[in-house]
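Enquirer: Just add 23 to the spot in the sequence shown (first one is 1) and you have our numbering. Where is the CB? At the ideal position from N, CA and C, for every residue including glycine.
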Amino acid sequence: MRATPRSARGSSRRPVRALCGCRAPRATTPTIRCGIFCAQCGIPGVRPSPLRCAGWSLNSNPVAEKRFSLNPRDLLPPRAILEFFAHHGRDLPWRHPAIGAWPILVSEVMLQQTPVARVLPVFEHWLRTWPTPGHLAADAPGDAVRAWGRLGYPRRALRLHACATAIITDHGGVVPEEVDVLLTLPGVGDYTARAVAAFAYGAAAPVVDTNVRRVINRAIRGNNDAGPATAADRSLMQTLLPDQQAATFSAAVMELGALICTRAAPECGRCPLRESCRWLAAGQPSSEVRNKKQAWNGTDRQVRGRILALLRDAPEPLSEAEVRLAWPDAEQWQRCVNSLLADKLIARADGQALMLPS
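1. Pick from Gly172, Ala189, Gln136, Arg178: whose alpha carbon is nearest that of leucine 159?
2. Going by beta carbon distance, what residues of the same chain come within less than 8 Å of alanine 376, once the five residues before and after it are set aside?
3. Can you tell me whether glutamate 278 is buried or exposed, with buried defined as 16 or more other CB within 10 angstroms of its CB?
4. Taking only the alpha-carbon atoms, compute the straight-line gap between phenylalanine 146 and arginine 257 and give it to the nearest angstrom.
5. Can you tell me whether DSSP reads arginine 286 as helix, strand or coil?
6. Measure the beta-carbon distance from leucine 128 to threonine 271 and round it to whole angstroms, keeping in mind my assumption that it falls under 8 Å.
7. Opposite alanine 370 in the DSSP bridges: which residues?
8. Look up leucine 341 in the DSSP assignment and give the residues it is bridged to.
9. What's the call for glutamate 131, buried or exposed, on a 16-neighbour Cβ count within 10 Å?
10. Starting from glutamate 147, trace the alpha helix (DSSP H) both ways and give me its first and last residue.
11. Alanine 167 by DSSP, collapsed to three states: which one?
12. Just the Cα atoms here: how many angstroms apart are proline 351 and aspartate 323?
13. What whole-angstrom Cβ distance do leucine 296 and histidine 111 have, given they're in contact under 8 Å?
14. Count the C-beta pairs between the region 213–221 and the region 229–236 that are closer than 8 Å, then say yes if the count reaches three, no if not.
15. Can you list, in chain order, the residues of its chain with a C-beta nearer than 8 Å to that of glycine 172? Leave out the 5 residues immediately preceding and following it.
16. I need the boundaries of the alpha helix (DSSP H) containing cysteine 300, first residue and last residue.
17. How is tyrosine 214 classed by DSSP in three states: helix, strand or coil?
18. Compare the beta carbon distance of proline 308 and asparagine 246 with 8 Å and say whether it is the shorter of the two.
19. Let me know if alanine 187 comes out buried or exposed under the rule of 16 or more other beta-carbons within 10 Å of its beta-carbon.
20. May I ask you to report which of helix, strand or coil DSSP gives threonine 155?
21. If contacts are defined as beta-carbon pairs under 8 Å, then arginine 141 and leucine 174 qualify, I think. What distance do you get, rounded to the angstrom?
22. In whole angstroms, what separates the C-alpha of histidine 148 from that of asparagine 94?
23. Starting from glycine 328, follow the alpha helix (DSSP H) in both directions and report where the run begins and ends.
24. Short of 6 Å in beta carbon distance, which residues of its chain neighbour arginine 293, apart from the five on each side in sequence? Order them along the chain.
25. Give me the Cα-Cα distance between valine 211 and proline 338, rounded to the nearest whole angstrom.
26. Pick helix, strand or coil for leucine 181, following the three-state DSSP scheme.
27. What span of residues does the alpha helix (DSSP H) with tryptophan 125 cover, start to end?
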């Protein structure tokens, strides 16, 4: 028999044996109870939750278990997700059936921490300029940085250039298919390797980005916790993949998180999972971990961006005096120049002038 919360010991009130399993007394104050109708049985003031409700333990109950199945596929049904994607998925160039593995690899690198709207024009220009890994490998790394423009995190451009070179040198110009082999490419991490294997080659590889993690956390775990994907997330996603259309399912869950199950303003009324979502039934509890907003003004990132912008737009190398115009703080400017040189995002010409790498 489960323990009763300490605050209720010695009370003469009989707990309500609600269909959802909640044992909270009817007389519990509204500040503790949710004050809404139970999603399972209609009893006022009872809130369902996978584990606890307002501090009161939940009993195992067949009716509740039928509503909130322990089978993850019942909480995130492939059919509902795929139907949503078929009707509401965006028409993005990297999703076209005949797009090929190289454009998908490029898109996945560009989409890291960058919104789709910012990626689209750069992606299209990039593919017109370098339609294959061989085209990119034949040009200078600085050309890749210049084409990257203001997409942010410009080291990704250098990694893509190094990746293209490795594909030409070690893989005959063909983007590898297996996750383990993709992981050997410069700058390709676990997420990117699985995304390319799934979206380019149809592999049943679990693809978990921040959008996917948000959906499975809310729908299955009943929480709104943020943070990077974990091995447990990938393992859970693996169990959710249907036998058919596994890659499409991964893209569909990702799209659901991007369009409906958003971080700040989820549209639960439009969600295909609204009838089974544990987070919605629990009253949309907030995350225990608050995301810290990254500062920008006055940071080294801003200074580095200004220096790169000057060199990117210059037709020839610039003297240090010209580049110093990018930022008034000489000490911070020098620190940022040194870090850009160390990252090989810029280079020296004739020992003094600065330029993009050749």
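Expert: On the basis of the coordinates in this document:
1. Position 136 of the sequence shown holds residue 159. Per the Cα distances, Ala189.
2. For the purposes of this step, residue 376 is taken as residue 353 along the sequence shown, with counting starting at 1. Contacts found: Pro340, Leu341, Ser342, Glu343.
3. Locating residue 278 in the sequence shown gives position 255, counting from the first residue. It counts as buried.
4. Reading the sequence shown from its first residue, position 123 is the one you call residue 146. Reading the sequence shown from its first residue, position 234 is the one you call residue 257. For phenylalanine 146 and arginine 257, the distance between alpha carbons rounds to 28 Å.
5. As a first step, residue 286 must be located in the sequence shown, where it is residue number 263. It is coil, neither helix nor strand.
6. Here the question's residue 128 lines up with position 105 in the sequence shown. Here the question's residue 271 lines up with position 248 in the sequence shown. Contact doesn't hold; Cβ gap of about 19 Å is too wide.
7. By 1-based counting over the sequence shown, the position of residue 370 is 347. BP columns for alanine 370 point to Met378.
8. As a first step, residue 341 is located in the sequence shown; it is residue number 318 there, counting from the start. DSSP output for leucine 341 lists Leu377 as bridge partner(s).
9. For the purposes of this step, residue 131 is taken as residue 108 along the sequence shown, with counting starting at 1. Classification of glutamate 131: buried, given that the 10 Å Cβ count is 16 or more.
10. Within the sequence shown, the letter at position 124 stands for residue 147. Looking at the DSSP string, the run of the alpha helix (DSSP H) that includes glutamate 147 is 139–152.
11. Counting from one through the sequence shown, the residue named residue 167 turns up at place 144. Here alanine 167 sits in helix by DSSP.
12. Reading the sequence shown from its first residue, position 328 is the one you call residue 351. Reading the sequence shown from its first residue, position 300 is the one you call residue 323. So the alpha carbons of these two residues sit roughly 13 Å apart.
13. For the purposes of this step, residue 296 is taken as the residue at position 273 of the sequence shown. For the purposes of this step, residue 111 is taken as the residue at position 88 of the sequence shown. Not really, about 13 Å apart at Cβ, beyond 8 Å.
14. yes
15. Locating residue 172 in the sequence shown gives position 149, counting from the first residue. Once the five neighbours on either side are set aside, the close Cβ partners of glycine 172 are Val145, Arg335.
16. To locate residue 300, count along the sequence shown from 1; it is residue 277. It is not in any alpha helix (DSSP H) - cysteine 300 carries neither H nor E in the DSSP assignment.
17. Stepping through the sequence shown from its first residue, residue 214 is reached at position 191. The answer is helix: DSSP assigns tyrosine 214 an H, G or I state.
18. Taking the first residue of the sequence shown as 1, we reach residue 308 at position 285. Taking the first residue of the sequence shown as 1, we reach residue 246 at position 223. Taking 8 Å as the Cβ cut-off, proline 308 and asparagine 246 qualify as a contacting pair.
19. As a first step, residue 187 is located in the sequence shown; it is residue number 164 there, counting from the start. That one is buried.
20. Here residue 155 is taken as the residue at index 132 of the sequence shown, counted from 1. It is coil, neither helix nor strand.
21. Counting from one through the sequence shown, the residue named residue 141 turns up at place 118. Counting from one through the sequence shown, the residue named residue 174 turns up at place 151. Their Cβ separation, rounded to whole angstroms, is 6 Å, which keeps arginine 141 and leucine 174 in contact under 8 Å.
22. Position 125 of the sequence shown, counted from the start, is the residue given in the question as residue 148. Position 71 of the sequence shown, counted from the start, is the residue given in the question as residue 94. Approximately 45 Å between the Cα atoms of the pair.
23. Here residue 328 corresponds to residue number 305 of the sequence shown, with the count starting at 1. Here the alpha helix (DSSP H) through glycine 328 covers 323–336.
24. Residue mapping note: residue 293 aligns to position 270 of the sequence shown, counting from 1. So the qualifying residues of the chain are Ile283.
25. The residue given as residue 211 occupies position 188 in the sequence shown. The residue given as residue 338 occupies position 315 in the sequence shown. C-alpha separation (whole angstroms): 31 Å.
26. Against the sequence shown, residue 181 aligns to sequence position 158. In this structure, leucine 181 counts as helix in the three-state DSSP scheme.
27. Against the sequence shown, residue 125 aligns to sequence position 102. Taken as a continuous stretch (DSSP letters only), the alpha helix (DSSP H) holding tryptophan 125 covers 124–133.
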